[in-house]
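Read the structure below first, then the notes.
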Amino acid sequence: MAVEVAIVDYGAGNLRSVRQALIHLGVHVTVQGDPDRLRGFSHLVLPGVGSFRRAMELIRSRGLDQLLAERVAQGVPLLGICLGMQLLAARSSEDGETQGLGLIAGEVDRFAFDPVATGLKIPHVGFDAVTPVAGSRLFSGFAQQVDFYFTHSFRLRCGAIEPVAATAWHGESYVAAVEQGVLAGTQFHPEKSQANGLKLLANFLERF
Amino acid sequence: MAKKRLVFTLLYQQGAFYLSRNFRLQRVGDLHWLNNNYRFASIATAIDELVILDVSRQPRDLDVFCAMAAEVSANCFMPLALGGGITTMAQAETLISNGADKLILNTALARNPELVRELVAIYGSQCIVASVDYRREADSFAVYVDQGQERLDCPLARYLADLEALQVGELYLNCIDRDGTGQGYCLEVLQQLPPACHLPVIMAGGAGNQHHLLAGLACSQIDAAATANLFNFVGDGLPRSRDHLLDHGIAMARW
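For the record, the sequence lines run as chains G and F.
Per this note's numbering, residue 6 is the first one in the first sequence, and the count goes up by one each step.
Per this note's numbering, residue 7 is the first one in the second sequence, and the count goes up by one each step.
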């Protein structure tokens with residue numbers, strides 16, 4: 006099947022840079038928010054900025070939660086970016102306790118370190134290093150430490166090591182990327198991470 | 007710890023890009039010219055962040071500005087900060103929906119702090135960059151707004167402390183005396199920062215070569231070095247500068 010990517014548009018956030026990055030890689034990209042029209046694509050991308058609660062409300066109200074679960078069960082690769090990765094998890098405490106899509110085992114909470122004692126800032130903004138797990142498909146061909154662009158105040162932690170594709174440290178260790186079967190997710194923004202990000206997106210399209 | 011940054015600032019006015027010297031503008035060319043002469047997309051791979059400011063002295067056209075920003079940044083895979091003359095929430099929303107990761111505010115910081123509070127509440131501190139234009143005086147620093155035309159009575163140190171209290175996300179400090187001169191940054195301004203200031207500082211105004219960028223980024227209080235000097239840094243100027251900074255041990259992202 007030819008690579009046909011759909012960016013899942015649930016009405017929050019700016020999808021332009023994700024779309025530009027995928028177009029730059031030479032694939033056909035559709036932005037679509039109607040679940041009935043999100044079938045027939047080879048890959049799905051779930052972006053996201055803003056609050057976890059608000060995003061889940063929008064996703065549920067459009068029936069996109071069921072569509073995403075159905076597509077993933079059918080073996081269609083799904084990449085969550087930033088909040089989009091967090092949404093794959095079971096729950097988040099952002100803006101009140103909220104259930105996520107529950108596609109990977111993990112929990113999302115605010116960074117728990119003391120910014121004054123550590124001198125580190127929340128939100129965590131800027132290029133920072135991540136450490137890929139050996140054998141990761143997303144990070145295939147990368148060095149042992151790679152820089153990507155982050156902007157977030159909440160972070161994912163996974164009880165099990167299985168879905169973790171990369172870790173990073175900002176006052177504490179957290180999950181920078183996940184991959185499990187057809188699911189992938191990055192806390193950082195590959196579409197704003199120069200050549201490193203383009204390479205990671207290409208890995209997702211080729212290896213998932 | 008987030009890496010240090012090299013920032014490029016494009017100055018835009020009514021369809022063309024400009025050089026600025028002490029805030030006097032000199033037209034260099036339009037988008038076509040920028041791409042033809044300077045292969046902007048290729049130099050953009052050497053920077054961590056792109057800033058585009060509408061420095062128009064005449065009334066601005068936000069839609070035209072946004073269309074230009076989209077075209078310039080179409081193949082730029084890095085954070086984008088847009089600003090220039092933001093006075094309303096609607097303008098801010100237009101810039102965000104057109105791809106701005108951050109908004110640069112200047113005159114509104116002094117004239118409309120309520121707008122700044124509202125923007126911080128809606129988009130978050132990380133989205134709001136406080137741009138401060140200043141001049142060196144005999145034994146102090148003076149703040150200017152409205153494109154350097156109006157001098158505020160508030161001394162720089164107090165102004166910066168007020169901005170920190172407003173919960174802006176970053177400071178973009180631009181020295182009018184050094185602007186476009188290529189004489190190097192005014193590093194003495196760092197003494198005007200509030201004690202224990204935790205805001206990331208972007209230095210602007212005066213960088214003429216890679217040694218100036220290095221001198222800035224070597225300071226612990228400086229997170230980012232910005233230049234708007236098209237002539238000194240386009241071509242292979244920025245890629246060579248980035249290599250120079252990395253070679254001298256500045257903790258910058260690699261790709």
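Cβ atoms here follow ideal geometry from the backbone N, Cα and C, with glycine treated the same way.
Exercise. Which stretch, first to last residue, makes up the beta strand (DSSP E) that contains residue 33 of chain F?
Worked result: Along the second sequence, read from residue 1 onward, the residue named residue 33 of chain F stands at position 27. Run containing residue 33 of chain F: 30-35, per the beta strand (DSSP E) assignment.
Problem set entry | residue 47 of chain F to residue 164 of chain G span [Cα, whole Å] | Position 41 of the second sequence, counting from 1, holds the residue named residue 47 of chain F. Position 159 of the first sequence, counting from 1, holds the residue named residue 164 of chain G. Roughly 42 Å separates the two Cα atoms.
Exercise. Among F/219, F/235, F/148, F/185, which has the Cα closest to the Cα of residue 229 of chain F?
Worked result: The sequence position of residue 229 of chain F within the second sequence is 223, counting from 1. Checking every option, the nearest Cα to that of residue 229 of chain F belongs to F/219.
Exercise. Just the Cα atoms here: how many angstroms apart are residue 59 of chain F and residue 65 of chain F?
Worked result: Your numbering for residue 59 of chain F matches position 53 in the second sequence. Your numbering for residue 65 of chain F matches position 59 in the second sequence. Looking at the two C-alpha atoms, the distance is approximately 14 Å.
Problem set entry | From G/151, G/195, G/14, residue whose alpha carbon lies closest to that of residue 72 of chain G | For the purposes of this step, residue 72 of chain G is identified with residue 67 of the first sequence, where counting begins at 1. Nearest C-alpha to residue 72 of chain G: G/14.
Exercise. Using 8 Å as the limit for Cβ to Cβ distance, is residue 152 of chain G near chain F?
Worked result: For the purposes of this step, residue 152 of chain G is identified with residue 147 of the first sequence, where counting begins at 1. Answer yes: the Cβ-Cβ gap between residue 152 of chain G and chain F drops below 8 Å somewhere.
Exercise. So, helix, strand or coil for residue 209 of chain F, using DSSP?
Worked result: For the purposes of this step, residue 209 of chain F is taken as residue 203 along the second sequence, with counting starting at 1. Strand, per DSSP.
Exercise. What is the rounded straight-line gap between the Cα of residue 181 of chain F and the Cα of residue 97 of chain G?
Worked result: Counting from 1 along the second sequence, the entry for residue 181 of chain F is found at position 175. Counting from 1 along the first sequence, the entry for residue 97 of chain G is found at position 92. When rounded, the distance between both Cα atoms is 44 Å.
For this session: Return the chain-ordered list of same chain residues with a C-beta closer than 6 Å to the C-beta of residue 50 of chain F, the five sequence neighbours on each side being excluded.
Result: If you number the second sequence from 1, residue 50 of chain F lands on position 44. If we look at residue 50 of chain F and ignore the five residues flanking it on each side, its Cβ neighbours are 82.
Exercise. In chain order, which alpha helix (DSSP H) runs of at least 4 residues are fully inside the stretch 26-82 of chain F?
Worked result: 37-44, 46-49, 68-78
Exercise. Taking the C-alpha atoms as reference points, what is the distance between residue 94 of chain G and residue 177 of chain G?
Worked result: Numbered from its first residue, the first sequence carries residue 94 of chain G at position 89. Numbered from its first residue, the first sequence carries residue 177 of chain G at position 172. Between residue 94 of chain G and residue 177 of chain G, the C-alpha separation is close to 19 Å.
Exercise. For chain G, is any of its Cβ atoms less than 8 Å away from the one on residue 173 of chain F?
Worked result: Here the question's residue 173 of chain F lines up with position 167 in the second sequence. Chain G, which has no Cβ nearer than 8 Å to the Cβ of residue 173 of chain F, makes this no.
For this session: Go to residue 120 of chain F, then tell me how far its alpha helix (DSSP H) extends in each direction, as first and last residue.
Result: The residue given as residue 120 of chain F occupies position 114 in the second sequence. First-last of the alpha helix (DSSP H) with residue 120 of chain F: 119-129.
Problem set entry | Short-range partners of chain G found in the stretch 44-67 of chain F, where Cβ spacing is below 7 Å | 51, 54
For this session: Report the neighbours of residue 208 of chain G on chain F: residues whose CB is nearer than 7 Å to its CB, in chain order.
Result: One-based indexing of the first sequence puts residue 208 of chain G at position 203. Chain F residues near residue 208 of chain G: none, gap ~15 Å exceeds 7 Å.
Problem set entry | Contact the stretch 194-210 of chain F vs the stretch 32-44 of chain F: 3+ CB pairs below 8 Å | no
For this session: Count the CB pairs spanning the stretch 143-163 of chain F and the stretch 171-178 of chain F that are closer than 8 Å, and state whether there are at least three.
Result: no
Exercise. Who are residue 112 of chain G's beta bridge partners in DSSP?
Worked result: Locating residue 112 of chain G in the first sequence gives position 107, counting from the first residue. Bridge partners of residue 112 of chain G: G/96, G/162.
Exercise. Per DSSP, residue 53 of chain G is paired with what?
Worked result: For the purposes of this step, residue 53 of chain G is taken as the residue at position 48 of the first sequence. Its beta-bridge partners do not exist; DSSP assigns none.
Problem set entry | beta strand (DSSP E) segment containing residue 183 of chain G, residue limits | Counting from 1 along the first sequence, the entry for residue 183 of chain G is found at position 178. First-last of the beta strand (DSSP E) with residue 183 of chain G: 178-185.
For this session: Could you please tell me which residues of the stretch 65-76 of chain G, in chain order, have their CB closer than 8 Å to any CB of chain F?
Result: none
Exercise. Is the shortest distance between the beta-carbon of residue 8 of chain F and the beta-carbons of chain G less than 8 Å?
Worked result: Numbered from its first residue, the second sequence carries residue 8 of chain F at position 2. So yes, residue 8 of chain F belongs to the interface.
Exercise. Comparing the C-beta of residue 147 of chain G with each C-beta of chain F, is any distance below 8 Å?
Worked result: The residue given as residue 147 of chain G occupies position 142 in the first sequence. It does not: the Cβ of residue 147 of chain G has no partner Cβ on chain F nearer than 8 Å.
Exercise. By how many angstroms is the C-alpha of residue 24 of chain F removed from the C-alpha of residue 35 of chain F?
Worked result: Reading the second sequence from its first residue, position 29 is the one you call residue 35 of chain F. Reading the second sequence from its first residue, position 18 is the one you call residue 24 of chain F. Distance between the alpha carbons of residue 35 of chain F and residue 24 of chain F is about 7 Å.
Exercise. So with Cβ pairs under 8 Å, would you call residue 3 of chain F a contact of chain G?
Worked result: Residue numbering for chain F in the displayed model covers 7 to 261; residue 3 of chain F lies beyond these limits and cannot be assessed.
Exercise. Should the stretch 102-110 of chain F be regarded as contacting the stretch 73-92 of chain F, the criterion being three or more beta carbon pairs within less than 8 Å?
Worked result: yes
Problem set entry | Inter-residue Cα distance where the pair is residue 167 of chain F and residue 138 of chain F | Your numbering for residue 167 of chain F matches position 161 in the second sequence. Your numbering for residue 138 of chain F matches position 132 in the second sequence. Near 12 Å, if we compare the C-alpha coordinates of residue 138 of chain F and residue 167 of chain F.
Exercise. What number of angstroms, rounded off, separates the C-alpha of residue 5 of chain G from the C-alpha of residue 26 of chain F?
Worked result: A question about residue 5 of chain G goes unanswered here, because the residues of chain G that appear run from 6 up to 213.
For this session: Alpha carbon to alpha carbon, how far is residue 53 of chain G from residue 34 of chain G? Give it in angstroms, no decimals.
Result: Translated into the one-based positions of the first sequence, residue 34 of chain G becomes position 29. Translated into the one-based positions of the first sequence, residue 53 of chain G becomes position 48. Going from the Cα of residue 34 of chain G to the Cα of residue 53 of chain G covers about 17 Å.
Exercise. Does residue 226 of chain F have its Cβ less than 8 Å from a Cβ in chain G?
Worked result: By one-based count along the second sequence, residue 226 of chain F stands at place 220. No, residue 226 of chain F lies away from the interface with chain G (no Cβ there is under 8 Å from its Cβ).
Exercise. What are the residues of the stretch 127-146 of chain G that lie near chain F, defined by any Cβ-Cβ distance shorter than 9 Å?
Worked result: 128, 129, 130, 131, 132, 133, 134
Problem set entry | chain G contacts from the stretch 118-130 of chain F (Cβ-Cβ distance under 9 Å) | 130
Problem set entry | Contact set between residue 89 of chain F and chain G, taken where Cβ atoms lie within less than 9 Å | Within the second sequence, the letter at position 83 stands for residue 89 of chain F. Here the premise fails: no neighbours, minimum Cβ distance about 16 Å.
Problem set entry | Residue environment, residue 6 of chain F, which counts as buried when at least 16 other CB atoms sit within 10 Å | Nothing can be reported for residue 6 of chain F, as the shown portion of chain F is limited to 7 through 261.
For this session: Assign residue 102 of chain G to one of three DSSP states: helix, strand, or coil.
Result: Stepping through the first sequence from its first residue, residue 102 of chain G is reached at position 97. Coil, per DSSP.
Exercise. Quick one, which residues of the stretch 182-211 of chain F are near chain G if we go by CB-CB under 7 Å, in chain order?
Worked result: 204
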